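Below is one structure, written out as structure tokens; comments come after it.
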Amino acid sequence: MKKQISRFTYITLTSLLFFVSCVDDDLPGVGDLPDFTNPTPFYNFSDVSSSEFDCNDVELSANYDFQFQAGSNLAVNGTQYQWSVTPDAGVVLINKDLPVLEQQIDAQLATVVAIENEIAKIEFKLPCETNQAKIDVLEAQLADFRVQLQIEQDALSDETLAAVADLQAQIAALPAATLQDQELIFSFPGPDTYTVGLTVTDDLGKSEYTEKLITVNQAVPQIPVPEIGEPSFEDNSLFDGTGDGRDSWRAPSSSRWGSVFQINTDTNPVDAPNLPDGRQAAKFPADGTRTGYQEIEVTPGATYVLTYFSAFEENSFGDLTVSIINTNADSLADAQLDANIIAQRTDNNIGRVDNVFKKHALTFEAGTNESVIILLRGSGVESRLDAFDITVKQ
């Protein structure tokens, strides 16, 4: 019986080997079927444009760069790529590795680049600053940064300089980008609508074409982030290193707007609970007589998000109101008219934990206004506000 099983196994294996030996791609008409599938081309792209404007929103430079990456459903066979762009006048091709190498150089010179960026920020502000006190402070800061820059440049190690030189050599040796590259950067000459096409051809000579309309928009100046004076109510936090934490928040008339809030100081910043930022917060007594008032510049048409933290005592009911008010308001009574309220948020201490801060956000649109008032009010119980911040909503 065992001999019969062994003989059967031998015959089966021999048959399988004979069958496999007949499957030979070199024999005509035998083996794998020919692939009649055409490639399906596709591509992804991202806008990597950059621009520079002065403080008067005059365009200094603009690079309308878009990075493209080709693909195909045939990862192995789809090996040849051919890009096209219409109109093509003035379009420049950039090797995809150029920005990567430039970023690596910046990483090697991180401290130097950081100081250069601070210098650029000040040089951007100076031409449009009219307050001589601020001009003096900015010029002093600029001089200090330039000294720091020279110190950092002189302190660069031989190793860092060699690494930078090597990266610069790699940039110099980069081959020119071509329309046959799988990935490249198109630098368009300006705003327009361009047709970018891609033809993918596989090793069998089969090809397919796809195209998209790429809209290149005009560069626009970045909306500046408004400056809030003494946002965390800290001493000496004004632009010139002075201030008691609330000088920026005093109303033009205490008789019309109320007296400025008090200051709450964290005498033990090491142990919890702590303030959200720094050692001081704005304190509003229960009688509701104290306010905070600050006018800030905004860009017409822009949308902003104002964030801040609040905390309450829990011995009785109380609330805090943060309002964005039209500058037409001339008193606290005016500020409570619907016509003058741009946005408003009121929070109370129901369900809150005693003296534990909670973050809030208030979104508002500037509309046609070039400036608005941030108004702070509290009543009913002692309460605190801290760590104001504002961002442009994109």
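The number in the working numbering is simply the position in the sequence shown, starting from 1, with 5 added.
Every residue gets a Cβ at the ideal spot worked out from N, C-alpha and C, and that includes glycine.
Treat the numbers as computed from the prediction; the structure is a model and nothing was measured.
Local Cβ density within 10 Å of residue i, reported as buried at 16 or more and exposed below that
| i | result |
| --- | --- |
| Thr296 | buried |
| Ile329 | buried |
| Gln299 | buried |
| Asp276 | exposed |
| Thr373 | exposed |
| Phe322 | exposed |
| Val310 | exposed |
| Val205 | buried |
| Gly36 | The predicted model places Gly36 with a pLDDT of 49, which falls under 50 and marks its position as unreliable; any figure quoted below should be read in that light. Classification of Gly36: exposed, given that the 10 Å Cβ count is below 16. |
| Asn241 | exposed |
| Leu342 | exposed |
| Gly95 | exposed |
| Ile75 | Correcting the residue identity first, residue 75 is Ala in this sequence and not Ile. With 16 or more other Cβ atoms within 10 Å, it is buried. |
| Asn122 | exposed |
| Val358 | exposed |
| Ser51 | exposed |
| Glu235 | buried |
| Gly210 | exposed |
Residue(s) in a DSSP beta bridge with residue i
| i | result |
| --- | --- |
| Arg357 | Its beta-bridge partners do not exist; DSSP assigns none. |
| Thr270 | Gln285 |
| Phe369 | Tyr309 |
| Leu380 | Tyr298 and Ser328 |
| Asp391 | Phe314 |
| Asn68 | Ser55 |
| Leu98 | Phe191 |
| Arg350 | Val327 |
Proximity winner among the options, relative to residue i (alpha-carbon distances)
| i | options | result |
| --- | --- | --- |
| Ala160 | Phe191, Val117, Phe289 and Ala256 | Val117 |
| Phe71 | Val310, Pro194, Ile378 and Ile346 | Pro194 |
| Asn333 | Thr84, Val377 and Thr42 | Val377 |
| Glu239 | Asp282, Val221 and Asp197 | Asp282 |
| Pro257 | Ala291, Thr215, Asp335 and Phe191 | Asp335 |
| Thr42 | Ala112, Leu367, Gln137 and Ser212 | Ser212 |
| Glu318 | Asp352, Tyr309 and Leu337 | Asp352 |
| Asn136 | Val63, Phe244 and Ser66 | Phe244 |
| Ala148 | Glu128, Gln185 and Pro132 | Glu128 |
| Phe58 | Val386, Lys130 and Val169 | Lys130 |
| Asp62 | Pro229, Leu166 and Asp249 | Pro229 |
| Pro401 | Cys60, Gln113, Leu114 and Ala340 | One cannot answer for residue 401 here, as it falls past the ends of the chain, which runs 6 to 399. |
| Gln175 | Gln108, Gln223 and Ile140 | Gln108 |
| Lys320 | Ala291, Leu311 and Gly250 | First, the amino acid is wrong: residue 320 is Asn here, not Lys. The shortest C-alpha separation from Asn320 is found at Ala291. |
| Asp207 | Thr312, Ala94, Val327 and Thr84 | Thr84 |
| His365 | Ile110, Arg350 and Gly95 | Arg350 |
| Ala67 | Ala75, Ala168 and Ser55 | Ser55 |
| Thr308 | Lys288, Asp339, Ala348 and Asn269 | Ala348 |
| Ala259 | Leu166, Ala338, Val361 and Glu164 | Checking the displayed sequence, the identity of residue 259 turns out to be Ser instead of Ala. Considering only alpha carbons, the answer is Ala338. |
| Gln113 | Glu64, Gln173 and Leu184 | Gln173 |
| Phe289 | Asn273, Pro274 and Ile268 | Ile268 |
| Val90 | Pro278, Tyr48 and Gly202 | Gly202 |
| Glu370 | Ala125, Pro274, Gln399 and Ala170 | Gln399 |
| Val361 | Val397, Pro278, Asn345 and Thr368 | Pro278 |
| Glu164 | Ile140, Ile110 and Ser192 | Ile110 |
| Pro231 | Tyr48, Phe47, Glu64 and Val397 | Val397 |
| Glu188 | Ala125, Arg261 and Phe47 | Phe47 |
| Asn49 | Arg284, Asp141, Leu106 and Thr215 | Thr215 |
Contact set for residue i: own chain, Cβ-Cβ below 6 Å, skip 5 residues either direction
| i | result |
| --- | --- |
| Leu280 | Asp271, Ala286 and Asp391 |
| Val53 | Asp70 and Gln72 |
| Leu325 | Ser315, Asp352, Gly383 and Ser388 |
| Thr312 | Ala366 and Asp394 |
| Asn124 | Rather than Asn, the amino acid found at residue 124 in this sequence is Ile. Result list for Ile124: Phe150, in chain order. |
Beta-carbon proximity list for residue i, same chain, < 7 Å, skipping 5 on both sides
| i | result |
| --- | --- |
| Thr375 | Reading off the sequence shown, one finds Glu at residue 375, where the question assumed Thr. Counting only Cβ-Cβ distances below 7 Å, and skipping sequence neighbours, we find Glu302, Val303 and Pro305. |
| Asn78 | Pro44 and Thr45 |
| Ile120 | Phe150, Gln153, Leu154 and Glu157 |
| Gln146 | Ile127 |
| Asn222 | Pro196 |
| Val386 | Ala291, Phe317, Glu318, Asn320, Ser321, Phe322, Gly323 and Asn354 |
| Ala340 | Ser328, Ile330, Ala334 and Leu380 |
| Ala138 | Asp245 |
Beta-carbon proximity list for residue i, same chain, < 8 Å, skipping 5 on both sides
| i | result |
| --- | --- |
| Thr294 | Gly263 and Ser264 |
| Ile190 | Val53, Asp70, Phe71, Gln72, Phe73, Leu98, Ile99, Asn100, Lys101, Leu103, Pro104 and Ala182 |
| Leu143 | Ile127, Lys130, Leu131 and Glu134 |
| Ile233 | Ser253, Gln299, Ile301, Ile379, Phe393, Asp394 and Ile395 |
| Pro180 | Asn100 |
| Thr198 | Leu218, Ile219, Thr220 and Val221 |
| Gln185 | Gln85, Tyr86, Gln87 and Trp88 |
Distance cut-off 7 Å: residue i Cβ against heavy atoms of the ligand PLP
| i | result |
| --- | --- |
| Val105 | Questions concerning the ligand PLP fall outside what the structure shown contains, since it holds no ligand whatsoever. |
Neighbour flag for residue i against chain C, beta carbons, 8 Å
| i | result |
| --- | --- |
| Asp343 | No chain C appears in this structure, which consists of one protein chain only. |
### Query
Which runs of the beta strand (DSSP E) fall wholly inside the segment 177-224 and span at least 3 residues, in chain order?
188-193, 197-207 and 212-221
### Query
Taking only runs of the alpha helix (DSSP H) that begin and end inside the segment 136-164, which ones reach a length of at least 4 residues, in chain order?
137-159
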